[in-house]
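Everything on this sheet refers to the single structure shown next.
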Amino acid sequence: MTTAPRALLAASFTPGDAAVSEVRRFTREVMTAWAAASVLAMAEQLSGELAAQVADVPFEVVWTHLGDRVQVEVRQKSASETHPGAPVVPVEEWGVTFGPEHRTHWARLPLPGSHDQVTTEWAEEDDSGRGPVWLRFLADASDLLAGTLDPDMVPAIIAQIAVPRLATWCAVFIWADGGGPQRPAYLWHADEGRIDELREVLAGSRVPEDGGSTQLGDSHVLTVPLLARGRSLGAMCLGRPDRFADDVMQYAEDIGRRAALALDNSLLYAQQAAANRALQRSLLPPDDPGEIPGLDHAVVYEPAGETNEVGGDFYDLFAAGDGSWRFAVGDVCGTGPVAAAVTGLARHTLRLLAREGYGVAAVLGRLNQAILEEGDRARFLTLLHGEIRPVPTGLELRLVSAGHPEALRLKPSGVVEPVVTSQSLLGVFPEVDFEADLVHLDHGDVLLAVTDGVTERRQGERLLDDDGGLAKLLAECVGLSAGAVAARIRRAVQEFTTEPSADDMAIVVLRAR
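Using UniProt numbering, the letters of the sequence shown map in sequence onto residues 1 to 513.
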C-alpha cells in the first residue's frame with residue numbers, strides 16, 4: 001500500500017537537445033539524496049524516457065518518495081490530449097492524467113531492500129563503472145550541496161543525504177550568533193511518523209559542540225561538528241539503533257566537511273545579498289513625492305542579478321521647494337560599491353542643489369565636477385534630469401540629457417517623438433556647458449524615460465530598441481494611465497526574451513492630466 005509522501009523534489013527544464021541528460025542528472029541527484037541506489041539506474045532511464053516524450057514547451061519533473069516506492073511525474077502545459085507511450089523500464093504503475101492546464105505523465109518504481117542491507121553496498125561496484133558506490137555517493141552528495149546557496153536549504157539537503165544511507169535519522173543544528181537554545185534547523189527520520197517524538201527527545205538533550213558518540217534513548221548518536229574557516233557553524237547529529245561502523249563514521253566525517261563548506265558559502269552569500277539589498281534601498285528615493293498638481297506619474301525599478309548587486313540604475317522624483325518638482329533617471333557605469341558611491345553622490349547632489357535654487361543645467365554642471373573630483377573612483381554617468389512646473393495648459397518641463405537614452409513624448413493622437421537633445425556624459429570632460437530643453441506636455445501627453453536596461457534588452461543579435469522598437473511600444477499606450485504605461489513597457493521588456501536580464505532597469509512615466 002502506498003503511504004503518504006515522505007519527501008518531494010522538483011525541478012523545471014527547458015526543452016532542447018540537453019533536456020534529457022539534464023533530467024537524468026537531476027534524477028541521479030534525487031536518488032542519491034534518498035539513498036535509493038537500488039533503483040538509481042532504472043530511475044535515470046525512466047525519467048529520461050518520460051522527458052523525451054514532452055512537447056516543445058517548458059516542463060517540470062517531480063520526484064516523490066512514498067516510503068516503499070518512488071514516483072516520477074513529468075508535468076507540462078498542453079492543450080493536446082495525445083497519450084505518450086508506455087515506459088520501456090519495468091514499472092509498478094504508470095499513466096497519463098490531464099488537468100485544466102497541465103498534462104502529467106507519471107510512473108512508480110518499488111524500492112526493494114531495507115536499511116539493514118545498505119552498509120553492505122559501500123564496497124560494491126556500480127553499473128556505471130564510476131567505482132565503489134560510496135565514492136559515487138560522496139561525489140553526488142557534493143553536487144547536491146553545491147547546488148544551492150540558500151542557507152535554509154542546506155540543512156535539509158544534509159539530512160536527506162544522510163538518511164537512510166548513513167543513519168536512521170539526522171538532525172542538523174546551526175549555531176546562532178551569541179548563543180541561544182539548541183534547536184535543529186532540520187530534522188529527518190526514515191520513519192516520518194517518529195519525527196515529532198524525536199524532536200521532543202532532542203529538546204531535552206544537549207548536543208556536544210565538539211562532536212563524539214553518545215546514547216540517546218534507543219539510538220546510538222554520532223555528532224559531527226560542521227567546521228569551516230576555523231569556526232563551528234553547527235553540528236550534524238546522526239542516529240541509528242546499532243553501533244556506527246568505523247567506515248560509516250569516516251563517511252559521516254567526510255560528508256560533514258563538505259556540508260560545512262556548503263553551509264559557510266551559503267551563509268556568506270546570504271550576508272552579501274542582504275548587505276546589497278540594504279545598500280540598494282539606501283540609494284533609492286527615501287519618500288514618495290505624493291500628489292503633484294497636474295501630474296500622473298509611475299516608476300518601475302528592477303535591479304539585475306540574483307543578489308541585486310548595488311549600483312547601476314537609479315531614479316528620483318522630489319519637490320524642489322519653489323512650486324516645482326524635479327525628476328531624474330540615471331545609469332552609472334558598472335555595479336558594486338564603487339558604482340554605488342557615484343549613485344549616492346548623484347542623487348544627494350541633485351536634491352541638495354535643486355533646493356538651493358540651481359537650474360537643471362547648472363545642477364548637471366556641478367554634478368559633473370563632483371564626479372571628476374572622485375579621482376580613481378570616478379565613473380561616467382548618463383543622466384536625464386528635469387524640472388516640472390504645472391501650467392494651465394498642462395506641464396512645462398526643462399530637460400537636460402547627459403548622454404542618456406532619448407526621452408519620448410506620446411501625444412493622444414498616437415504620435416511618438418524624441419523631445420530632448422543628447423549632451424555630454426557626466427564624469428568624462430572637466431569643462432562642459434549644459435543647456436536645458438524646454439518641453440511642453442499638453443493634457444494627455446506622456447513622457448517616457450528609461451535606462452539602457454530597457455533599450456538594450458537583447459534577443460540574440462537584436463536589441464529591443466532596434467528600428468525604433470521602444471517608440472512603437474509607446475505608441476500602443478494611447479489613453480493609458482502612467483501606471484498602465486509603465487506596466488506595459490515592463491511586460492514588453494520581460495517578454496522580449498526568456499533570458500534573465502544582465503542589466504538594471506528603470507522606467508519613469510510622466511503624464512499630464
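Yeah, the Cβ is synthetic: ideal placement off N, Cα and C, and Gly gets one too.
All figures in this text were calculated on a predicted structure; none of them were measured in a lab.
Per the DSSP calculation, residue i is bridged to which residue(s)?
i           : result
residue 422 : 401
residue 165 : Residue 165 pairs with nothing; no bridge assigned.
residue 505 : 302
residue 438 : 398
residue 219 : 216
residue 296 : 511
residue 391 : 394
residue 330 : 314, 383
residue 160 : DSSP output for residue 160 lists no bridge partner at all.
residue 173 : 184, 235
residue 463 : 458
List the endpoints of the continuous alpha helix (DSSP H) containing residue i.
i           : result
residue 72  : No alpha helix (DSSP H) holds residue 72; the beta strand (DSSP E) holding it covers 69–77.
residue 200 : 195–203
residue 185 : Where residue 185 is concerned, there is no enclosing alpha helix (DSSP H), although the beta strand (DSSP E) it sits in stretches over 184–189.
residue 149 : Where residue 149 is concerned, there is no enclosing alpha helix (DSSP H), given that its DSSP letter is neither H nor E.
residue 491 : 482–496
residue 372 : 360–372
residue 454 : 452–455
residue 475 : 469–475
Measure the Cβ-Cβ separation of residue i and residue j and say whether it is below 8 Å.
i           : j           : result
residue 506 : residue 443 : no
residue 295 : residue 388 : yes
residue 468 : residue 504 : no
residue 381 : residue 329 : no
residue 47  : residue 61  : yes
residue 349 : residue 405 : no
residue 96  : residue 45  : no
residue 365 : residue 439 : no
residue 508 : residue 315 : yes
residue 173 : residue 235 : yes
residue 237 : residue 171 : yes
residue 470 : residue 409 : no
residue 77  : residue 102 : yes
residue 490 : residue 300 : yes
residue 361 : residue 449 : no
Going by C-alpha distance, which of the options is nearest residue i?
i           : options            : result
residue 411 : 450, 479, 435, 360 : 479
residue 302 : 321, 249, 331, 324 : 331
residue 462 : 497, 39, 473       : 497
residue 261 : 394, 324, 154      : 154
residue 297 : 242, 395, 99, 38   : 395
residue 143 : 372, 87, 270, 259  : 259
residue 370 : 241, 85, 398, 341  : 341
residue 65  : 36, 51, 14         : 36
residue 51  : 232, 70, 15        : 15
residue 333 : 346, 323, 322, 321 : 346
residue 339 : 319, 351, 323, 313 : 313
residue 472 : 414, 486, 137      : 414
residue 240 : 227, 165, 289      : 165
At which residues does the beta strand (DSSP E) containing residue i begin and terminate?
i           : result
residue 232 : 231–240
residue 215 : 212–216
residue 25  : Looking at the DSSP string, residue 25 is not in any beta strand (DSSP E); the run it does join, the alpha helix (DSSP H), is 19–33.
residue 95  : 93–98
residue 40  : It is not in any beta strand (DSSP E) - residue 40 instead sits in the alpha helix (DSSP H) that spans 40–52.
residue 59  : 59–65
residue 408 : 408–410
residue 111 : Element bounds for residue 111: n/a, residue is neither H nor E.
With a cut-off of 8 Å, does the C-beta of residue i fall near any C-beta of chain C?
i           : result
residue 198 : Protein chain content of the structure displayed is limited to a single chain, and chain C is not contained in it.
Less than 7 Å between the CB of residue i and some heavy atom of the ligand HEM, yes or no?
i           : result
residue 438 : The model depicted lacks the ligand HEM and carries no ligand whatsoever.
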